[in-house]
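A.B. asks: These protein sequence lines are chains P and R, in that order. The first sequence begins at 16 in my numbering and counts up one residue at a time. The second sequence begins at 16 in my numbering and counts up one residue at a time. No residue lacks a Cβ here, since even glycine has one placed at the ideal position from N, Cα and C.
Number of protein chains: 2
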Amino acid sequence: MRKVTILGAGLVGSVLSILLRKRGYEVDIYERRADLRTAAIGAGRSINLAMSTRGWKALELAGLRAEIEKIAIPMPGRFLHQEDGTSAFQAYGKNGEAIYSVSRGELNKKLMDLAEQNGVRIHFNQACTKVDIPQNTIELKAEDGSTQSIKCDLLFGADGAFSALRTHMSYQDRTDFQQFYINSGYKELCIPPDAAGNFQMEKNALHIWPRHNYMMIGLPNNDGSFTCTLFFPFEGSPSFDSVKTKEEVMAFFKEQFPDAVPLMPTLLEDYTQNPVSSLITTKIYPWSHKDQSCLIGDAAHAIVPFYGQGMNAGFEDCSVLDELMEQYGTDWATILPEFQKSRKPNADAVAELALKNFIEMRDKVADPKFLERKKIEKDLGVRYAGVFNSVYEMVSFSHTPYAYAMGAMEAQDWLLQEIMQQGDYFSNIETAAFKTTLDELLAAYAARVKEL
Amino acid sequence: MRKVTILGAGLVGSVLSILLRKRGYEVDIYERRADLRTAAIGAGRSINLAMSTRGWKALELAGLRAEIEKIAIPMPGRFLHQEDGTSAFQAYGKNGEAIYSVSRGELNKKLMDLAEQNGVRIHFNQACTKVDIPQNTIELKAEDGSTQSIKCDLLFGADGAFSALRTHMSYQDRTDFQQFYINSGYKELCIPPDAAGNFQMEKNALHIWPRHNYMMIGLPNNDGSFTCTLFFPFEGSPSFDSVKTKEEVMAFFKEQFPDAVPLMPTLLEDYTQNPVSSLITTKIYPWSHKDQSCLIGDAAHAIVPFYGQGMNAGFEDCSVLDELMEQYGTDWATILPEFQKSRKPNADAVAELALKNFIEMRDKVADPKFLERKKIEKDLGVRYAGVFNSVYEMVSFSHTPYAYAMGAMEAQDWLLQEIMQQGDYFSNIETAAFKTTLDELLAAYAARVKEL
Chain P
16 MRKVTILGAG LVGSVLSILL RKRGYEVDIY ERRADLRTAA IGAGRSINLA
66 MSTRGWKALE LAGLRAEIEK IAIPMPGRFL HQEDGTSAFQ AYGKNGEAIY
116 SVSRGELNKK LMDLAEQNGV RIHFNQACTK VDIPQNTIEL KAEDGSTQSI
166 KCDLLFGADG AFSALRTHMS YQDRTDFQQF YINSGYKELC IPPDAAGNFQ
216 MEKNALHIWP RHNYMMIGLP NNDGSFTCTL FFPFEGSPSF DSVKTKEEVM
266 AFFKEQFPDA VPLMPTLLED YTQNPVSSLI TTKIYPWSHK DQSCLIGDAA
316 HAIVPFYGQG MNAGFEDCSV LDELMEQYGT DWATILPEFQ KSRKPNADAV
366 AELALKNFIE MRDKVADPKF LERKKIEKDL GVRYAGVFNS VYEMVSFSHT
416 PYAYAMGAME AQDWLLQEIM QQGDYFSNIE TAAFKTTLDE LLAAYAARVK
466 EL
Chain R
16 MRKVTILGAG LVGSVLSILL RKRGYEVDIY ERRADLRTAA IGAGRSINLA
66 MSTRGWKALE LAGLRAEIEK IAIPMPGRFL HQEDGTSAFQ AYGKNGEAIY
116 SVSRGELNKK LMDLAEQNGV RIHFNQACTK VDIPQNTIEL KAEDGSTQSI
166 KCDLLFGADG AFSALRTHMS YQDRTDFQQF YINSGYKELC IPPDAAGNFQ
216 MEKNALHIWP RHNYMMIGLP NNDGSFTCTL FFPFEGSPSF DSVKTKEEVM
266 AFFKEQFPDA VPLMPTLLED YTQNPVSSLI TTKIYPWSHK DQSCLIGDAA
316 HAIVPFYGQG MNAGFEDCSV LDELMEQYGT DWATILPEFQ KSRKPNADAV
366 AELALKNFIE MRDKVADPKF LERKKIEKDL GVRYAGVFNS VYEMVSFSHT
416 PYAYAMGAME AQDWLLQEIM QQGDYFSNIE TAAFKTTLDE LLAAYAARVK
466 EL
């Protein structure tokens, strides 16, 4: 049995280590940071996680689903705080399906505990400074400056969007690589619990304040607070560049988020002290080198957070790899090429879906026409069950490959445009002529997606 | 006056150093390789260079045009060696304009001589291993393993497609970067002079053997030889992967390049011993950091060689930078942002033009319909002088911005398609009705390109 080395004890690295231990591999993880279970540090990026179906599957494989369900807060829909002061709840699924707000830190701690209980050795404060890809050796630098070089047998890079393994893989001949940033960054803000410790807004929802080219979102935490995130252009007006002083911040929030301001006692402090972070997308190919090393999760495909699929996609990588181990045993010369071949189109698709969903969340959900479309989609899902599923449902509540969901999105854009040209849907839906037209359109849609 | 440090004593680094010296800057160049004027080494990539108008301009600014003209071989057109054994000469311009075959090594040596004569200090065997972008310090490693760290005042990275400055700039927040390889690689081959020392084929031409998804080209050298390059897929059939043994090589060449085989006495030796190299395109943005550092040439925009514009684009970078120094004096906080802003769209355009020209050279020039189009283009250029110039002429024989040429290409694709739908051009060209139609189409074309 080969010995496995994993770079990164984050979410994906921890889950991967557990799945490998369950199949009998000896596993060592080298983690750049200190142990977040004992050190007084943050868990890295702090945007809350939205766990959905793909994520749950990997947790189930790892044996942690029940425990995480206890601390996860279901969010069955979006709670929209519109510009005009009105608000609306928009269910995500037709059967009350939810995505779940989970604390990244808590989840990571439990995963590390479970990994160690399964016999994984996690080495903290070990930054990987170099990888010799052909030799499969890594150089590690400890906090005290001491270094060591390790010859790996089978190496995984689960070391995130700025992966050391990926960087060195990108220097290999005929390796394509791309990184790009969007023009918006984000800043974390907070809505604390009220004096009695209760949630100040609807607990079971993902709150969104859509404001066209920017937005604020809020996700519930178990302590009664909401972690809010302002996604805002770096430059222009308004932007992080134009809204800086306490006066500017207060004027801007009072104008744009009047319902939130009274709930945010530390707004000025949070806004002026918390950093602005950027949002990167990365793509690389190939992901692996021979039967020696392979990227997984963000290291292979870092995406923007707007579909809540970053962790879910990384966990799905783990599930798929587990299936390949089931199928091909210890034949890593087959497993790694199969893994990258099957995952790459899906990683590209979820990257694209995530970028598009920023537009949807910040802009379209404020548009009455779009809200009408969402209602029609929901009705179609019931009326043509088995034929029509919304893209959101495919992505968040199924294991449908992301690439298929991406293709279905285009087919649905066509379908809904056609339907909405036929006049008011809900006025006409019971007429025979409209139903015939609808049947024909849905048959054409079904034929299109069948080819995906 | 600020002190300038340049990474790389290649073509662009040398020209840049001369232009900066002429404006009074103190200049030090650090070059990874040994001095190619004294060491018995190749000059790096050995595909011959095709110098065209943009390249000549920078050489003129540097004061080296007359000297290089003496060793440059004019190639006023393509000499096509078709699959059916026929051959054809295709002029590049309507007035006999030529691109010029120049030896990369000879050109580089002369440029380094001139740089040193102007007071530039070139330090050889100094590999840049790290750049601290905010601090503007570089770490250099000499051949003997000794290292030094230098605090730079104004730093340029002219260190090519695998630039150390670019690598470290790509780690900066909000820096977009991309690299990709095409599916073909290349191998250098040779057609030596005959026993009397004469050229074995037409001297004044760029020879092409177009074979659809691959091709061989040949450029003349001053010693009577041609440097040949086979551009060939890495995988598939035929490919570098499928044509390997001496038997396979000979069978393949005899079938595909029967006219060349008798001229290539060292074919088997060259093919089996010379390496297969890959072809990368790179894009990055921004190119500069504050008024401190800037990428130039291949370091900023490595492209594939199929339009013969790699060096020409790098030299044009130098000319443009020189104009900005003329305009803004020593205000580098203005010069560097203006430089990247004006050059980036043109760098992207020439990257695209170069990729498209591979298709044209290897595939389209073997197509009678395409050859007909080329003839019509030439006639239009004469008939509508001042209105119609072929894209090839814009790129190779003018200073028209590459981005404009790219836009004009799309307009010309439309125009020529329209014209060729009107029936046989050369049969109809003297009829009044056809002339009227042509006038109208050219007016529409002129309106389109005016908006570019």
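I want to verify the contact list: residues of chain R whose CB lies under 7 Å from the CB of residue 191 of chain P, in sequence order.
C.D. replies: By one-based count along the first sequence, residue 191 of chain P stands at place 176. Per Cβ cutoff of 7 Å: 194, 195, 196.
A.B. asks: Spatial neighbours of residue 220 of chain P within its chain, please: C-beta separation below 7 Å, excluding the five flanking residues on both sides.
C.D. replies: Here residue 220 of chain P corresponds to residue number 205 of the first sequence, with the count starting at 1. If we look at residue 220 of chain P and ignore the five residues flanking it on each side, its Cβ neighbours are 90, 92, 93, 94, 104.
A.B. asks: Under 8 Å Cβ-Cβ, which residues of chain P neighbour residue 252 of chain R?
C.D. replies: Reading the second sequence from its first residue, position 237 is the one you call residue 252 of chain R. Neighbours of residue 252 of chain R on chain P: none; closest Cβ ~19 Å, over 8 Å.
A.B. asks: Give me the Cα-Cα distance between residue 59 of chain P and residue 392 of chain R, rounded to the nearest whole angstrom.
C.D. replies: Stepping through the first sequence from its first residue, residue 59 of chain P is reached at position 44. Stepping through the second sequence from its first residue, residue 392 of chain R is reached at position 377. With a pLDDT of 40 at residue 59 of chain P, under the threshold of 50, the modelled position of that residue is not reliable, and no figure is offered here.
A.B. asks: Chain P beta carbons: is any one of them nearer than 8 Å to that of residue 293 of chain R?
C.D. replies: Translated into the one-based positions of the second sequence, residue 293 of chain R becomes position 278. It does; some Cβ of chain P falls within 8 Å.
A.B. asks: Would a C-beta distance cut-off of 8 Å place residue 319 of chain R and residue 287 of chain R closer than the cut-off?
C.D. replies: Along the second sequence, read from residue 1 onward, the residue named residue 319 of chain R stands at position 304. Along the second sequence, read from residue 1 onward, the residue named residue 287 of chain R stands at position 272. It is not a contact, given that the beta carbons lie outside the stated cut-off.
A.B. asks: Rounding to the nearest angstrom, what Cα-Cα distance links residue 34 of chain R and residue 303 of chain P in this structure?
C.D. replies: In the second sequence, the residue the question calls residue 34 of chain R occupies position 19. In the first sequence, the residue the question calls residue 303 of chain P occupies position 288. One C-alpha to the other measures close to 45 Å.
A.B. asks: For the segment 143-156 of chain R, which residues have a CB atom closer than 7 Å to at least one CB atom of chain P, in sequence order?
C.D. replies: Those would be none; no residue qualifies.
A.B. asks: So with CB distances below 7 Å, who are the chain P contacts of residue 188 of chain R?
C.D. replies: What you label residue 188 of chain R is simply residue 173 of the second sequence in a count that begins at 1. Within 7 Å Cβ-Cβ: 293.
A.B. asks: Ends of the alpha helix (DSSP H) at residue 3 of chain P?
C.D. replies: Given a span of 16 to 467 for chain P in the structure shown, any question on residue 3 of chain P remains unanswerable.
A.B. asks: Which residues bound the alpha helix (DSSP H) around residue 407 of chain R?
C.D. replies: For the purposes of this step, residue 407 of chain R is identified with residue 392 of the second sequence, where counting begins at 1. Element bounds for residue 407 of chain R: 406-412.
A.B. asks: Residue 22 of chain P by DSSP, collapsed to three states: which one?
C.D. replies: Translated into the one-based positions of the first sequence, residue 22 of chain P becomes position 7. DSSP places residue 22 of chain P in strand when its eight states are reduced to three.
A.B. asks: Measure from the alpha carbon of residue 20 of chain R to the alpha carbon of each residue in R:311, R:87, R:106, then state which is nearest.
C.D. replies: What you label residue 20 of chain R is simply residue 5 of the second sequence in a count that begins at 1. Checking every option, the nearest Cα to that of residue 20 of chain R belongs to R:311.
A.B. asks: Between the beta-carbon of residue 29 of chain P and the beta-carbon of residue 42 of chain P, is there less than 8 Å?
C.D. replies: Numbered from its first residue, the first sequence carries residue 29 of chain P at position 14. Numbered from its first residue, the first sequence carries residue 42 of chain P at position 27. Not in contact: residue 29 of chain P and residue 42 of chain P (Cβ atoms no closer than 8 Å).
A.B. asks: Assuming residue 208 of chain R is part of the beta strand (DSSP E), what are its boundary residues?
C.D. replies: Along the second sequence, read from residue 1 onward, the residue named residue 208 of chain R stands at position 193. That residue, residue 208 of chain R, is in no beta strand (DSSP E); it is neither H nor E in DSSP.
A.B. asks: Look at the Cβ atom of residue 66 of chain R, then the Cβ atom of residue 87 of chain R, and state whether they are nearer than 8 Å.
C.D. replies: Here residue 66 of chain R refers to the residue found at position 51 of the second sequence. Here residue 87 of chain R refers to the residue found at position 72 of the second sequence. Yes; because the gap between Cβ atoms is below 8 Å, this pair is in contact.
A.B. asks: What distance in whole Å lies between the Cβ atoms of residue 434 of chain P and residue 456 of chain P, which are believed to be in contact at a cut-off of 8 Å?
C.D. replies: Along the first sequence, read from residue 1 onward, the residue named residue 456 of chain P stands at position 441. Along the first sequence, read from residue 1 onward, the residue named residue 434 of chain P stands at position 419. Their Cβ separation, rounded to whole angstroms, is 6 Å, which keeps residue 456 of chain P and residue 434 of chain P in contact under 8 Å.
A.B. asks: CA-CA distance, residue 368 of chain P and residue 127 of chain R?
C.D. replies: By 1-based counting over the first sequence, the position of residue 368 of chain P is 353. By 1-based counting over the second sequence, the position of residue 127 of chain R is 112. So the alpha carbons of these two residues sit roughly 51 Å apart.
A.B. asks: For a test of the three-state rule: what should DSSP assign to residue 143 of chain P, helix, strand or coil?
C.D. replies: Your numbering for residue 143 of chain P matches position 128 in the first sequence. Looking at residue 143 of chain P - three-state DSSP - the assignment turns out to be strand.
A.B. asks: Which residue wins for smallest C-alpha separation from residue 272 of chain P, given the options P:347, P:294, P:250, P:226?
C.D. replies: As a working mapping, residue 272 of chain P is identified with position 257 in the first sequence. Selected option, being the one with the closest Cα: P:226.
A.B. asks: Decide yes or no for the touch test of the segment 379-388 of chain R against the segment 70-80 of chain R: beta carbon pairs closer than 8 Å, at least 3 of them.
C.D. replies: At 8 Å Cβ cutoff, the stretches do not touch.
A.B. asks: Are the CB atoms of residue 402 of chain P and residue 423 of chain P within a distance shorter than 8 Å?
C.D. replies: Taking the first sequence and counting its residues from 1, the one referred to as residue 423 of chain P is at position 408. Taking the first sequence and counting its residues from 1, the one referred to as residue 402 of chain P is at position 387. Taking 8 Å as the Cβ cut-off, residue 423 of chain P and residue 402 of chain P do not qualify as a contacting pair.
A.B. asks: With respect to the beta strand (DSSP E) encompassing residue 295 of chain P, which residues constitute its N-terminal and C-terminal limits?
C.D. replies: The residue given as residue 295 of chain P occupies position 280 in the first sequence. Segment 295-300, the beta strand (DSSP E) holding residue 295 of chain P.
A.B. asks: Taking all protein chains shown into account, decide if residue 16 of chain R is buried (16 or more other Cβ within 10 angstroms of its Cβ) or exposed.
C.D. replies: Looking up residue 16 of chain R in the second sequence gives position 1. So residue 16 of chain R counts as exposed.
A.B. asks: Assign residue 161 of chain R to one of two classes, buried (16 or more other C-beta atoms within 10 Å of its C-beta) or exposed (fewer than that).
C.D. replies: Along the second sequence, read from residue 1 onward, the residue named residue 161 of chain R stands at position 146. Residue 161 of chain R should be labelled exposed.
A.B. asks: Please say whether residue 180 of chain R and residue 174 of chain R have beta carbons closer to each other than 8 Å?
C.D. replies: Mapped onto the second sequence, residue 174 of chain R falls at position 159. Mapped onto the second sequence, residue 180 of chain R falls at position 165. Result yes, Cβ atoms of residue 174 of chain R and residue 180 of chain R sit closer than 8 Å.
A.B. asks: Using beta-carbon positions only, say whether residue 100 of chain P and residue 327 of chain P come within less than 8 Å of one another.
C.D. replies: On the first sequence, position 85 is the one that residue 100 of chain P refers to. On the first sequence, position 312 is the one that residue 327 of chain P refers to. Going by C-beta atoms, residue 100 of chain P is not nearer than 8 Å to residue 327 of chain P.
A.B. asks: Around the C-beta of residue 202 of chain P, are 16 or more other C-beta atoms found within 10 angstroms, so that it is buried, or is it exposed?
C.D. replies: For the purposes of this step, residue 202 of chain P is identified with residue 187 of the first sequence, where counting begins at 1. Counting Cβ neighbours within 10 Å, residue 202 of chain P comes out buried, since at least 16 surround it.
A.B. asks: Hey, residue 265 of chain P and residue 206 of chain P: beta-carbon distance below 8 Å or not?
C.D. replies: Counting from 1 along the first sequence, the entry for residue 265 of chain P is found at position 250. Counting from 1 along the first sequence, the entry for residue 206 of chain P is found at position 191. Against a cut-off of 8 Å, the Cβ pair of residue 206 of chain P and residue 265 of chain P comes out as no contact.
A.B. asks: Using alpha carbons as the reference points, say which of P:36, P:38, P:39, P:49 lies closest to residue 25 of chain P.
C.D. replies: For the purposes of this step, residue 25 of chain P is taken as residue 10 along the first sequence, with counting starting at 1. Nearest of P:36, P:38, P:39, P:49 to residue 25 of chain P, Cα basis: P:49.
A.B. asks: Count Cβ pairs between the segment 358-365 of chain P and the segment 412-430 of chain P that sit closer than 8 Å; are there 3 or more?
C.D. replies: Because the criterion of three Cβ pairs below 8 Å is met, the segment 358-365 of chain P and the segment 412-430 of chain P touch.
A.B. asks: Given residue 36 of chain R, which residues of its chain have a CB within under 8 Å of its CB, disregarding the five upstream and five downstream residues?
C.D. replies: Along the second sequence, one-based indexing puts residue 36 of chain R at 21. Counting only Cβ-Cβ distances below 8 Å, and skipping sequence neighbours, we find 42, 130, 133, 134, 135.
A.B. asks: Any beta carbon of chain A sitting closer than 8 Å to that of residue 413 of chain P?
C.D. replies: Of the chains in the structure shown, none is chain A; the protein chains are P and R.
A.B. asks: Spell out the partners DSSP gives residue 103 of chain P in its beta bridges.
C.D. replies: Reading the first sequence from its first residue, position 88 is the one you call residue 103 of chain P. In DSSP, residue 103 of chain P forms a bridge with P:95.
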